[in-house]
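S.K.:
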Amino acid sequence: MEYIYAAMILHSAEKDINEENVKSIIEAAGIEADDARIKALIAALEDVDIDEAMETTAMAAAAPAAAPAAAEAVEEEEEEEEEEEEASEEAAAAGLGALFG
Numbered sequence: 649m650e651y652i653y654a655a656m657i658l659h660s661a662e663k664d665i666n667e668e669n670v671k672s673i674i675e676a677a678g679i680e681a682d683d684a685r686i687k688a689l690i691a692a693l694e695d696v697d698i699d700e701a702m703e704t705t706a707m708a709a710a711a712p713a714a715a716p717a718a719a720e721a722v723e724e725e726e727e728e729e730e731e732e733e734e735a736s737e738e739a740a741a742a743g744l745g746a747l748f749g
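If you want the numbering used here, it's the 1-based position in the sequence shown plus 648.
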């Protein structure tokens with residue numbers, strides 16, 4: 649993960665994501681840099697739009713967090729509809745009672 653974080657730091661700083669820069673960040677963090685992993689990262693990111701990837705990931709992470717709130721809103725709406733039906737039925741029953749009372 650630290651290699652990906654290094655790439656994200658470089659991207660946020662608007663610096664080139666290249667082997668030298670990634671290696672500098674990894675070593676600055678006190679980690680022994682693995683040249684093969686750095687090359688693999690650079691190759692993997694070659695055709696990736698990092699802004700789009702980060703946005704997609706953020707939306708995917710937010711979706712599960714929004715699901716419980718949406719489910720709760722639907723549940724509250726159903727409860728309100730049931731209460732309205734019960735009130736309507738009571739009013740209808742009261743009206744019928746007046747006819748026979």
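By construction, the Cβ of each residue, glycine as well, lies at the ideal position given by its N, Cα and C atoms. Just so we're clear, the structure is a prediction, and the values are computed from it rather than from any experiment.
1) What whole-angstrom Cβ distance do Ala654 and Ile673 have, given they're in contact under 8 Å?
2) Rounded to a whole number of angstroms, what is the C-alpha to C-alpha distance between Met702 and Ala681?
3) Quick check on Val670: buried or exposed, where buried means 16 or more other Cβ atoms within 10 Å of its Cβ?
4) Might you give, ordered along the chain, the residues of its own chain that have their beta carbon closer than 6 Å to the beta carbon of Leu658, omitting 5 neighbours on each side?
5) Is DSSP giving Met656 helix, strand or coil here?
6) Could you tell me how far apart the beta carbons of Ile679 and Glu650 are, in whole angstroms, since I believe they sit closer than 8 Å?
7) Out of Glu734, Glu728, Glu729, Ile698, point me to the one whose CA is closest to Ala661's CA.
8) Could you name the residues of the same chain whose beta carbon sits closer than 8 Å to that of Glu723, not counting the 5 residues immediately before and after it, in chain order?
9) How would you write the range of the alpha helix (DSSP H) that Glu675 sits in, first residue to last?
M.R.: Inspection of the coordinates gives the following:
1) Going by Cβ atoms, the distance from Ala654 to Ile673 rounds to 4 Å, so yes, they are a contact pair.
2) Here the alpha carbons of Ala681 and Met702 stand approximately 24 Å from one another.
3) So Val670 ends up on the buried side.
4) Within the same chain, Leu658 has close Cβ partners Ile665, Asn669.
5) Helix, per DSSP.
6) Their Cβ separation, rounded to whole angstroms, is 6 Å, which keeps Ile679 and Glu650 in contact under 8 Å.
7) With distances taken between Cα atoms, Ala661 lies closest to Ile698.
8) In its chain, beyond the 5 residues on either side, no residue has a beta carbon closer than 8 Å to the beta carbon of Glu723.
9) First-last of the alpha helix (DSSP H) with Glu675: 667–676.
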